[in-house]
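The structure appears below as structure tokens.
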Ligand code: C2E
Ligand code: CA
Ligand code: CA
Ligand code: CA
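What follows is the structure, encoded as structure tokens:
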């Protein structure tokens, strides 16, 4: 029995070890990729549900590694968060996204850019100064930058977030609560958060054409948002049926494969051109 226990332990530790090695490999490769400017951004349009106009583009990080292949953000972002690389990565994403947004403005497309921000990154000393510096460097007006923060991250650091969000409000930077509805949310905090938009998580959108109660939930989220003067966007919209339900729920904006997948900057600009002339 003793040796079996020993084997079990060994098996367990080898499993752990393999995971740790894989993570270390990703960390090292990510460090290199950042240094050599090998990450890219894809952009996914956000449309006004009433007039179909493109109001913004969400920037999503992409990484195609020489040896690891395509690594999904759901894989490398958590590792970047755990290793502190998220600060460098986040600053890079912001710089790139702001410069791209300015370029679109110069080309005649007055859209916003949405950038995902990790709570670790936001809580780092000097974060707001970095954002201001990046906006100045890009020559982008603050109101065209939207920072997406997840509901669960904000609630985890609710007390600390309040002041930071107020500061962004005073700067004119937009704030969206990402993945709304998936975390535990306190309405009293929501009221204290200076945010501009809530983003209904795609899990609710997925249910909307198959379950009647999902429509009720979305209607309730939209009502809460509107009562606080916020815009409401739904993410992960894949079908016409879903979009019609969202419109009937008075949702303001949509984003999802129905309109476009996240795409390289040049394709995103082509989308803007088609949207404007159609
Ligand atoms: P997210 O912010 O919730 O982004 C939405 C995810 O849903 C994206 O996955 C997007 O490609 C995908 N998506 C968009 N439309 C549809 C649709 O109609 N159907 C389906 N099934 N999926 C759709 P992606 O690009 O793999 O990103 C995953 C997550 O990685 C993001 O979730 C975000 O939390 C994180 N992430 C990506 N880029 C960054 C970044 O630059 N910084 C930080 N901190 N996080 C990032
Ligand atoms: Ca997002
Ligand atoms: Ca989301
Ligand atoms: Ca998400």
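Numbering (full-length UniProt numbering), first residue to last: 548 to 825. We put the beta carbon where it would ideally sit given N, CA and C, even for glycine.
Residue burial classification, residue i (beta-carbon count within 10 angstroms, cutoff 16)
i	result
residue 812	buried
residue 772	buried
residue 683	exposed
residue 549	With a pLDDT of only 45 at residue 549, under 50, the local geometry of the prediction cannot be trusted, and no value is derived from it.
residue 583	exposed
residue 734	exposed
residue 617	exposed
residue 686	exposed
residue 681	buried
residue 792	buried
Contact test: residue i Cβ vs ligand 1 heavy atom, cutoff 7 Å
i	result
residue 761	no
residue 726	yes
residue 785	yes
residue 601	no
residue 815	no
For residue j and residue i, the rounded distance between their alpha carbons
i	j	result
residue 613	residue 576	9 Å
residue 636	residue 627	8 Å
residue 718	residue 566	42 Å
residue 562	residue 572	16 Å
residue 775	residue 817	35 Å
residue 607	residue 759	32 Å
residue 688	residue 679	10 Å
residue 828	residue 708	Summary: the structure shown does not reach residue 828, with the chain confined to residues 548 through 825, and so no result is reported for it.
residue 602	residue 691	10 Å
Local conformation of residue i per DSSP, three classes
i	result
residue 775	coil
residue 699	helix
residue 630	helix
residue 811	coil
residue 806	coil
residue 663	strand
residue 551	No answer about residue 551 holds up, because its pLDDT of 49 lies below 50 and its placement is not dependable.
residue 681	helix
residue 562	helix
residue 671	coil
residue 761	helix
Proximity test, residue i beta-carbon vs ligand 2 heavy atom, cut-off 7 Å
i	result
residue 621	no
residue 605	yes
residue 663	yes
Just checking, does the stretch 790-800 make contact with the stretch 653-661 on the three C-beta pairs under 8 Å criterion?
-> No: fewer than three Cβ pairs fall under 8 Å.
Take every Cβ of the stretch 800-811, pair it with every Cβ of the stretch 638-645, and state whether three or more of those distances are shorter than 8 Å.
-> no
Do the stretch 693-708 and the stretch 722-742 touch if we need at least three Cβ pairs shorter than 8 Å?
-> Because the criterion of three Cβ pairs below 8 Å is met, the stretch 693-708 and the stretch 722-742 touch.
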